[in-house]
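Down below is the structure, laid out as structure tokens.
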Amino acid sequence: MQTGVAISYYTYVATPIGKILLVSYCGKSLSGIYTAGQKNLPIVGANWKYTDAIPLFTLTKKQLVAYIVAKSNCFTIDYNVNGSCFQKKYGKA
Numbered sequence: 001m002q003t004g005v006a007i008s009y010y011t012y013v014a015t016p017i018g019k020i021l022l023v024s025y026c027g028k029s030l031s032g033i034y035t036a037g038q039k040n041l042p043i044v045g046a047n048w049k050y051t052d053a054i055p056l057f058t059l060t061k062k063q064l065v066a067y068i069v070a071k072s073n074c075f076t077i078d079y080n081v082n083g084s085c086f087q088k089k090y091g092k093a
């Protein structure tokens, strides 16, 4: 879990490419999208809260599924990734 953060929210999305884990450290911006078995897949902590009720997850699910079935390539999701400046710039965060 990210240091200094009180709670992490998560949910799962069933998609044509498999189950996807969505994570938000604050409930207002997306902190991670993970597919089953991928490298660096986080372990859901005991203090994480499962929810489908936050608008961020509803919007993310809708846009992600539309993208996967090739109906859209536009995302309007707020996100906040962790990592060094290098990792953020080159997609390793």
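Oh and the sequence shown: position 69 is 69 in UniProt numbering, straight run, nothing missing.
Beta carbons are placed, not taken as given, at the ideal position from N, Cα and C, and that holds for glycine.
Just so you know, these numbers come straight off a predicted model, no measurement behind them.
- Judged by their CB atoms, Gly-27 and Tyr-9 are nearer to each other than the 7 Å cut-off.
- Shown here for Ala-70: not one same chain residue has a beta carbon closer than 8 Å to its own, the five before and five after excluded.
- Apart from sequence neighbours up to five positions away, the residues of its chain that approach Leu-30 with a beta-carbon distance below 8 Å are Leu-22, Val-23, Ser-24, Leu-56, Thr-60, Ile-77, Asp-78, Tyr-79, Asn-80, ordered along the chain.
- Judged by their CB atoms, Ile-68 and Ile-17 are nearer to each other than the 7 Å cut-off.
- Beta-bridge pairing by DSSP links Gly-18 to Thr-15.
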